[in-house]
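*Asks:* Once you've had a glance at the structure underneath, I'll fire off some questions.
Below is the structure:
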């Protein structure tokens, strides 16, 4: 069983993906970490984020098993990832790794921005998780404050809107729901309410798939 979860930054897709993976006993991959890792390699080497050839080289040699999630979190890395993710060659270099992860015998849960449209277009379960930009900025602010990091909610909102525009407007694999994805708006929902709503949607999709 492959569960594909897409959505914009801070929509709650990562949290839901982890909980659904735990619920069904499936491996989980936050595909956004791959792009963050590519961006980090460029920054660590003192290279600009628009160094396309270096970004492609980093993506080609990336090992999913060695991703350091703690080092890749944080607002600056998210912004940087959005820049390198706009390169079609970078996305192509990471495509096989993501599909290989999804092809595990029991299946997998993957979250990102093009899982249902590009990575796993035949996934039986596709969710597109969203929330208002203001709510997403509020959540990201609370997350950063909880980690002891400085947080300016107005600046975070501006970043989110900029990332939304970049992710939705790129020529290759733009952020948009797959035609057969179920939309889940988490604005106004608690984490538990969002999880229960997602679980019901997944169960209904599984039931429909098994009845074919």
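Residue numbers (full-length UniProt numbering): 1 to 212.
All residues carry an ideal CB built from backbone N, CA and C; glycine is no exception.
(1) With a cut-off of 8 Å on the beta carbons, I'd call residue 215 and residue 199 a contact; round off their distance for me.
(2) Could you compute how far the alpha carbon of residue 74 sits from the alpha carbon of residue 170?
(3) Work out the CA separation of residue 49 and residue 84 for me, nearest whole Å.
(4) List the endpoints of the continuous beta strand (DSSP E) containing residue 128.
(5) Beta carbon of residue 125, beta carbon of residue 90: below 8 Å?
(6) If we count Cβ pairs, one from each stretch, closer than 8 Å, do we get three or more for the stretch 7 to 21 versus the stretch 106 to 117?
(7) Which residues in the same chain have their Cβ closer than 7 Å to the Cβ of residue 195, if we skip the five residues on either side of it in sequence?
(8) Identify, in the order they occur along the chain, each residue of the same chain with its Cβ nearer than 8 Å to the Cβ of residue 52, setting aside the five sequence neighbours on each side.
(9) Report the residue ranges of all beta strand (DSSP E) runs contained in full by the stretch 159 to 195; include only those spanning at least 3 residues, in chain order.
(10) Do residue 181 and residue 30 come within 8 Å of each other at the CB atom, strictly closer than that value?
(11) From 99, 123 and 193, pick the residue whose C-alpha is nearest to that of residue 208; which is it?
(12) Where residue 210 and residue 35 are concerned, what is the direct C-alpha to C-alpha distance, given to the nearest angstrom?
(13) Do you know how far the Cα of residue 139 is from the Cα of residue 159?
(14) Among residues of its own chain, excluding the 5 on either side of residue 104, which ones have a beta-carbon nearer than 7 Å to its beta-carbon?
(15) Any idea what DSSP makes of residue 108, helix, strand or coil?
(16) Taking DSSP's pairing of strands, which residues face residue 26 in a bridge?
(17) For my contact list, residue 59 and residue 33 are in at a C-beta cut-off of 8 Å; report their separation, rounded to the angstrom.
*Replies:* Taking the geometry as given:
(1) Residue 215 is absent from the model: the chain starts at 1 and stops at 212.
(2) Walking along the chain shown from the start, residue 74 turns up at place 74. Walking along the chain shown from the start, residue 170 turns up at place 170. As the crow flies, the alpha-carbon of residue 74 is around 23 Å from that of residue 170.
(3) Here residue 84 is taken as the residue at index 84 of the chain shown, counted from 1. Here residue 49 is taken as the residue at index 49 of the chain shown, counted from 1. The C-alpha of residue 84 lies about 6 Å from the C-alpha of residue 49.
(4) In the chain shown, counting from the first residue as 1, residue 128 sits at position 128. Run containing residue 128: 125 to 130, per the beta strand (DSSP E) assignment.
(5) Along the chain shown, read from residue 1 onward, the residue named residue 125 stands at position 125. Along the chain shown, read from residue 1 onward, the residue named residue 90 stands at position 90. No, they are not a contact pair.
(6) Taking 8 Å as the limit for Cβ pairs, the verdict is that the stretch 106 to 117 does touch the stretch 7 to 21.
(7) Within the chain shown, numbered from 1, the residue matching residue 195 stands at position 195. Same-chain partners within the cutoff: 16 and 19.
(8) Looking up residue 52 in the chain shown gives position 52. Within the same chain, 87, 89 and 90 come within 8 Å of residue 52 by CB-CB distance, once the 5 residues on both sides are set aside.
(9) Within the stretch 159 to 195, the runs of beta strand (DSSP E) that reach at least 3 residues and sit entirely inside it are, in chain order, 182 to 185.
(10) Here residue 30 is taken as the residue at index 30 of the chain shown, counted from 1. Here residue 181 is taken as the residue at index 181 of the chain shown, counted from 1. Pairing residue 30 with residue 181 gives a Cβ-Cβ distance that is not under 8 Å.
(11) For this step, residue 208 is matched to residue 208 along the chain shown. Of the candidates 99, 123 and 193, the one whose C-alpha sits nearest the C-alpha of residue 208 is 123.
(12) Counting from one through the chain shown, the residue named residue 210 turns up at place 210. Counting from one through the chain shown, the residue named residue 35 turns up at place 35. Using only the alpha carbons, I get a separation of about 34 Å.
(13) Sequence index remark: in the chain shown, residue 159 carries index 159 (1-based). Sequence index remark: in the chain shown, residue 139 carries index 139 (1-based). Straight-line Cα distance between these residues: approximately 13 Å.
(14) For this step, residue 104 is matched to residue 104 along the chain shown. For residue 104, where only same-chain residues beyond five positions count, the Cβ hits under 7 Å are 27.
(15) Position 108 of the chain shown holds residue 108. Note: residue 108 maps to strand in three-state DSSP.
(16) Start at 1 with the first residue of the chain shown, and residue 26 comes out as number 26. Residue 26 is bridged by DSSP to nothing; it lacks a bridge partner.
(17) One-based indexing of the chain shown puts residue 59 at position 59. One-based indexing of the chain shown puts residue 33 at position 33. For residue 59 against residue 33, the beta-carbon gap comes to about 12 Å, at or over 8 Å, which does not count as contact.
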